[in-house]
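So the structure is just underneath, and the comments pick up after that.
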Amino acid sequence: MLRLSEFELKVLNAFSNGTVDDLTPGAALNAAAAFLAESGFLNLRKGCPTAKGYTTLKNLDAQRGDN
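Numbering (the working numbering), first residue to last: 407 to 473.
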């Protein structure tokens, strides 16, 4: 199973919430977005997570709620 870094999760969450413009632009953001798209978590054309990405965020929220 692929594990995303905290930064990749932050980027995915920002795309989900429509707050990606609040992130500092640069190579790290570009690399994370490209990785998320290549891994099937993010649709760059639409600018939003895929079903896989939304499921990942939902599961993360559930895990954090259990702690």
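From the three backbone atoms N, C-alpha and C, an ideal C-beta is built for every residue, glycine too.
Candidates the options, of which the one nearest residue i by Cα
i: residue 456; options: 434, 471, 412 and 442; result: 442
i: residue 409; options: 429, 435, 445 and 436; result: 445
i: residue 395; options: 435, 436, 469 and 454; result: Residue 395 lies beyond the range of the chain shown here (407 to 473); nothing can be said about it.
i: residue 435; options: 416, 471 and 470; result: 416
i: residue 422; options: 460, 471 and 470; result: 460
i: residue 411; options: 471, 463 and 430; result: 463
Opening and closing residue of the alpha helix (DSSP H) in which residue i lies
i: residue 416; result: 412 to 423
i: residue 450; result: Run containing residue 450: none; DSSP gives neither H nor E here.
Proximity of residue i and residue j at Cβ, strictly below 8 Å
i: residue 466; j: residue 447; result: no
i: residue 426; j: residue 420; result: yes
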